[in-house]
Amino acid sequence: MLRTRAAVAVARLARFASRVMGRGGTALPGLVALRIDPSVIETLAASLPEGVIVVTGTNGKTTTSKMIATMLTGSGRTVLANRTGSNLARGVAAALVGAVRGGRVAADIAVFEIDEAAVRQLGPRLHPRVIVVTNLARDQLDRYGELETTARHVAAAVAASGIAVLAADDPIVARLGEGRGEGAVWFGGEPAIRAAMPHDRALYGHVEPRFGGRLDALLREATPQGDGQVVRVDIGSREVAVRLQVPGVYNAYNAAAALLAVAQLGIDPVAAAVHLADMPAAFGRGQIVPYRDRRVRVVLVKNPAGFNQAIALLRAEAEPCPVLVAINDHHADGRDVSWLWDSAVETLADTPHRFGAGGIRAADMALRFKYAGIQAWVEPDERRALDRLVDDAPSGATVYLIPTYTALLSYLEILLPGKRPEEVWS
Amino acid sequence: MTAPFVVAHLYRRRMNIYGDTGNVTALCRRLEWRGVAVRVVSIDEGDRFEFEEADIVVAGGGEDSSQLAIADDLVSRSEAVHRAVRAGVVFLTVCGTYQLFGRRFVTTDGSEIPGIAVFAADTIGGGRRMIGNVVVDSPWGSLVGFENHSGRTRLDPGQASLGRVRRGFGNDDTSGFEGAVVGNCFGTYLHGSVLPKNPGFADELIRRALRRRTGTDPDLAPLDDAVEERAAAVAASRP
Numbered sequence: 016m017l018r019t020r021a022a023v024a025v026a027r028l029a030r031f032a033s034r035v036m037g038r039g040g041t042a043l044p045g046l047v048a049l050r051i052d053p054s055v056i057e058t059l060a061a062s063l064p065e066g067v068i069v070v071t072g073t074n075g076k077t078t079t080s081k082m083i084a085t086m087l088t089g090s091g092r093t094v095l096a097n098r099t100g101s102n103l104a105r106g107v108a109a110a111l112v113g114a115v116r117g118g119r120v121a122a123d124i125a126v127f128e129i130d131e132a133a134v135r136q137l138g139p140r141l142h143p144r145v146i147v148v149t150n151l152a153r154d155q156l157d158r159y160g161e162l163e164t165t166a167r168h169v170a171a172a173v174a175a176s177g178i179a180v181l182a183a184d185d186p187i188v189a190r191l192g193e194g195r196g197e198g199a200v201w202f203g204g205e206p207a208i209r210a211a212m213p214h215d216r217a218l219y220g221h222v223e224p225r226f227g228g229r230l231d232a233l234l235r236e237a238t239p240q241g242d243g244q245v246v247r248v249d250i251g252s253r254e255v256a257v258r259l260q261v262p263g264v265y266n267a268y269n270a271a272a273a274l275l276a277v278a279q280l281g282i283d284p285v286a287a288a289v290h291l292a293d294m295p296a297a298f299g300r301g302q303i304v305p306y307r308d309r310r311v312r313v314v315l316v317k318n319p320a321g322f323n324q325a326i327a328l329l330r331a332e333a334e335p336c337p338v339l340v341a342i343n344d345h346h347a348d349g350r351d352v353s354w355l356w357d358s359a360v361e362t363l364a365d366t367p368h369r370f371g372a373g374g375i376r377a378a379d380m381a382l383r384f385k386y387a388g389i390q391a392w393v394e395p396d397e398r399r400a401l402d403r404l405v406d407d408a409p410s411g412a413t414v415y416l417i418p419t420y421t422a423l424l425s426y427l428e429i430l431l432p433g434k435r436p437e438e439v440w441s
Numbered sequence: 012m013t014a015p016f017v018v019a020h021l022y023r024r025r026m027n028i029y030g031d032t033g034n035v036t037a038l039c040r041r042l043e044w045r046g047v048a049v050r051v052v053s054i055d056e057g058d059r060f061e062f063e064e065a066d067i068v069v070a071g072g073g074e075d076s077s078q079l080a081i082a083d084d085l086v087s088r089s090e091a092v093h094r095a096v097r098a099g100v101v102f103l104t105v106c107g108t109y110q111l112f113g114r115r116f117v118t119t120d121g122s123e124i125p126g127i128a129v130f131a132a133d134t135i136g137g138g139r140r141m142i143g144n145v146v147v148d149s150p151w152g153s154l155v156g157f158e159n160h161s162g163r164t165r166l167d168p169g170q171a172s173l174g175r176v177r178r179g180f181g182n183d184d185t186s187g188f189e190g191a192v193v194g195n196c197f198g199t200y201l202h203g204s205v206l207p208k209n210p211g212f213a214d215e216l217i218r219r220a221l222r223r224r225t226g227t228d229p230d231l232a233p234l235d236d237a238v239e240e241r242a243a244a245v246a247a248s249r250p
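Which chain is which? The protein sequence lines are R and Z, in order. The first sequence begins at 16 in my numbering and counts up one residue at a time. The second sequence begins at 12 in my numbering and counts up one residue at a time.
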């Protein structure tokens with residue numbers, strides 16, 4: 016415990032120093048704490064009276080975590096979360112260390128979004144009371160390796176958890192529940208909703224079984240309304256209806272997962288859902304940012320499944336909109352851009368939208384558009400691309416920015432100048 | 012030309028890990044832009060198909076488990092593939108199928124997946140994974156792609172390669188060779204996808220396929236490849 020106290024003290028000094036020096040880095044305090052006390056995560060997490068909820072999976076981690084944290088806060092709990100987009104061990108350590116007051120973590124419960132590779136190590140260290148697996152699809156191969164490997168990482172974390180909240184419609188996630196019995200609860204959609212969000216393996220003709228048993232949370236409706244949607248979910252005998260500020264069937268699935276997760280803590284999902292209506296999108300996850308008198312809707316993409324979800328959003332958009340797809344290839348984006356060819360860009364050809372290609376690999380995106388029968392303008396420079404995007408729309412109109420991870424951070428500096436990442440991530 | 016040009020996508024379901032569909036897309040568009048009607052045929056395990064009915068056969072990469080899953084099926088087609096290669100059918104095999112078009116793939120754990128020995132080559136798995144952008148000097152200009160493999164492919168003396176590695180790892184990180192060629196059958200580690208960014212290579216495959224059909228050198232109308240060349244140049248400049 017002395018070691019943990021030392022770790023906390025030095026880590027907070029590091030955080031203070033890095034802020035004074037004007038660096039937004041959130042990793043340093045976590046790294047310092049782990050160096051001084053390698054078991055700082057286990058020690059501090061075990062002190063949380065209501066335990067830890069972990070959210071992992073390929074897509075939807077940030078939004079689902081935010082939904083859970085929002086509902087828990089709304090139900091009167093003090094919630095600790097790694098909201099700064101840092102979802103590796105150092106990010107979890109930084110969040111825990113930063114919340115220590117008077118020798119204990121000043122929170123009732125923690126909600127941690129955790130990278131699906133890092134969760135293999137972090138799961139057994141956090142002993143989650145509840146673990147949510149949103150979905151598992153092909154991701155950046157050069158970073159994550161094969162999907163089967165990722166599935167094994169997540170399975171190890173599920174084995175170390177109390178209750179697993181699992182995606183019934185995802186054939187890879189469905190396998191994680193085998194043999195867990197009461198230790199697994201399932202969320203899924205009605206057939207019509209399922210059809211709107213095919214698993215990326217299904218796109219290649221795989222016919223794989225989904226979970227065939229009774230669903231604990233059934234997503235019955237996801238109807239677009241305004242900038243968001245109306246979602247109905249049945250959880251046991253409770254019928255939940257909520258208006259979300261985020262669009263897209265995939266976010267309706269995220270809401271079903273989040274509602275089922277809070278229900279595992281004995282919280283009434285109908286009462287908890289009220290708080291979701293006020294929840295704005297997490298940055299880059301469908302958030303609308305005002306810029307030069309237009310509304311920039313920002314939708315982060317990282318992999319074919321996520322890109323296909325963004326494409327589905329654009330197909331549902333009836334008004335002709337300018338769209339900028341910005342592809343970077345730094346390590347955090349995945350250096351390989353082959354995945355662009357796995358996405359159904361062709362299905363955008365008959366939409367009324369106009370397209371541009373941005374980012375370091377703007378030329379690759381323009382090429383992808385070309386072979387999908389779409390002529391796109393090309394502008395790798397962020398500021399010029401953003402201006403070109405909004406110049407193409409009348410005042411007050413909505414434009415779409417679809418960036419990869421590091422492109423998102425670059426555009427963020429233009430869209431919300433002077434804000435530290437931690438101010439906009441939450 | 013009466014019957015449509017046939018692009019056969021071999022193991023679309025299992026050997027299609029990262030963008031290899033783009034090769035089919037590139038061939039289709041470049042034929043259609045020249046007024047040639049194309050039909051795409053998908054061939055998965057157990058599907059009956061005579062490769063000589065295809066003009067170009069395209070196959071991609073896959074996870075180790077997928078390679079194991081298709082290995083028996085591929086061996087059962089060995090005779091048919093050899094016959095088609097002798098008949099001049101054009102094949103493009105990428106990564107995992109390239110490995111299995113060699114004699115064998117010995118995986119990291121020592122188990123051996125038999126190949127069909129179109130290429131005089133063996134692949135041994137293990138060691139550092141070879142990941143990154145790659146540039147290859149080939150008879151069809153420089154080829155740009157992205158490689159991601161742990162298998163090291165050794166060509167026998169006399170087995171022609173696709174080209175020499177200018178940047179990246181290539182077949183085995185030591186020989187300087189990338190890919191393999193036997194007749195009209197090509198093997199490569201390049202994803203990217205390889206054909207969209209390398210239109211000269213894509214057109215070479217098309218030209219060979221049309222030559223087999225008509226017996227004469229086809230007159231391929233030139234296309235504006237500025238977007239393709241720009242994408243290739245950017246890819247070649249990236250770490």
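Heads up, the beta-carbon is just placed ideally off N, CA and C, and yes, glycines get one too. Quick caveat: nothing in here was measured; it's all calculated off a predicted structure.
Item                                                                                                                                                                         : Value
Among R:ALA422, R:ARG135, R:VAL67, whose alpha-carbon lies nearest the alpha-carbon of R:VAL340?                                                                             : R:ALA422
Judging by CA-CA distance, which residue of R:ASP351, R:ASP231, R:ARG258 is the nearest neighbour of R:GLN244?                                                               : R:ARG258
Considering only their Cβ atoms, is the gap separating Z:VAL69 from Z:VAL35 smaller than 9 Å?                                                                                : yes
Please compile the residues from chain Z whose C-beta is within a distance smaller than 8 Å of the C-beta of R:LYS317.                                                       : Here the premise fails: no neighbours, minimum Cβ distance about 14 Å.
Under 6 Å Cβ to Cβ from R:LEU59, same chain only, skipping five residues before and after it: list those, please.                                                            : LEU111, VAL120
So Z:ASN182 contacts chain R; which residues on that side make the cut at Cβ distance below 9 Å?                                                                             : None at all; the shortest Cβ gap to chain R is about 19 Å.
For chain Z, is any of its Cβ atoms less than 9 Å away from the one on R:GLU205?                                                                                             : no
Would you say R:ILE56 and R:VAL107 are within 9 Å of each other, going by their C-beta atoms?                                                                                : yes
Kindly say whether R:VAL340, judged by its beta-carbon, lies nearer than 9 Å to any beta-carbon of chain Z.                                                                  : no
Would Z:ARG218 pass as a contact of Z:ASP66 if the rule is Cβ separation under 9 Å?                                                                                          : no
If you reduce the DSSP assignment to three classes, tell me which class R:ILE417 lands in.                                                                                   : strand
Using 9 Å as the limit for Cβ to Cβ distance, is R:VAL169 near chain Z?                                                                                                      : no
Measuring CB to CB, does R:LEU328 end up less than 9 Å from R:THR419?                                                                                                        : no
Run through the DSSP bridge pairs and tell me what Z:CYS106 is partnered with.                                                                                               : BP columns for Z:CYS106 are empty, so no partner.
With the cut-off set at 9 Å, would you say R:PRO186 and R:GLU236 are in Cβ contact?                                                                                          : no
Identify the residues that DSSP records as bridge partners of Z:LEU85: which are they?                                                                                       : Looking at the DSSP assignment, Z:LEU85 forms no beta bridge with any residue, so it has no partner.
Just checking: is the beta-carbon of Z:GLU74 within a distance shorter than 9 Å of some beta-carbon in chain R?                                                              : yes
Within its chain, find whatever has a CB closer than 7 Å to the CB of Z:TRP151; leave out the 5 residues flanking it on each side and keep chain order.                      : GLY211, PHE212, GLU215
Does DSSP put R:ALA327 in a helix, in a strand, or in coil?                                                                                                                  : helix
Spell out whether any CB of chain Z is found under 9 Å from the CB atom of R:GLU197.                                                                                         : no
Since Z:ARG40 meets chain R, which of its residues come closer than 7 Å, beta carbon to beta carbon?                                                                         : TYR386
Would you be able to state if there are at least three C-beta pairs under 8 Å between the stretch 121-135 of chain Z and the stretch 34-50 of chain Z?                       : no
What does the alpha-carbon distance come out to for the pair Z:GLY156 and R:PHE370?                                                                                          : 25 Å
Ordered along the chain, which non-local residues of its own chain (more than five positions away) have a Cβ less than 6 Å from that of R:ARG20?                             : none
In three-state DSSP terms, what is R:GLY204?                                                                                                                                 : strand
Below 8 Å, is the gap between the Cβ of Z:PRO150 and the nearest heavy atom of the ligand MG?                                                                                : Summarising the ligand content, the structure contains no ligands, and the ligand MG is consequently not present.
Indicate the three-state DSSP secondary structure (helix, strand or coil) for R:VAL70 in the structure shown.                                                                : strand
Report all residues from its chain with a CB closer than 6 Å to the CB of Z:GLU90; omit the five preceding and five following residues, and keep chain order.                : none
Could you tell me the distance, in whole angstroms, from the CA atom of R:LEU43 to the CA atom of R:ASN102?                                                                  : 13 Å
Excluding the 5 residues preceding and the 5 following R:ALA387 in the sequence, name in chain order all residues of the same chain whose CB lies nearer than 8 Å to its CB. : VAL360, GLU361, LEU363, ALA364
In the DSSP assignment, what residue or residues form a beta bridge with Z:THR116?                                                                                           : It is worth fixing the name first, because residue 116 of chain Z is Phe in this sequence and not Thr. DSSP lists Z:ILE124, Z:THR134 as partners of Z:PHE116.
Pick helix, strand or coil for Z:ARG218, following the three-state DSSP scheme.                                                                                              : helix
Do you know offhand how far Z:ALA243's Cα is from R:VAL173's?                                                                                                                : 43 Å
Using the beta-carbon count (16 or more within 10 Å), is R:GLN155 buried or exposed?                                                                                         : buried
Comparing alpha-carbon positions, which option in Z:ARG23, Z:PHE180, Z:GLY194, Z:MET141 lies nearest Z:GLU56?                                                                : Z:ARG23
By how many angstroms is the C-alpha of R:ARG383 removed from the C-alpha of Z:LEU103?                                                                                       : 20 Å
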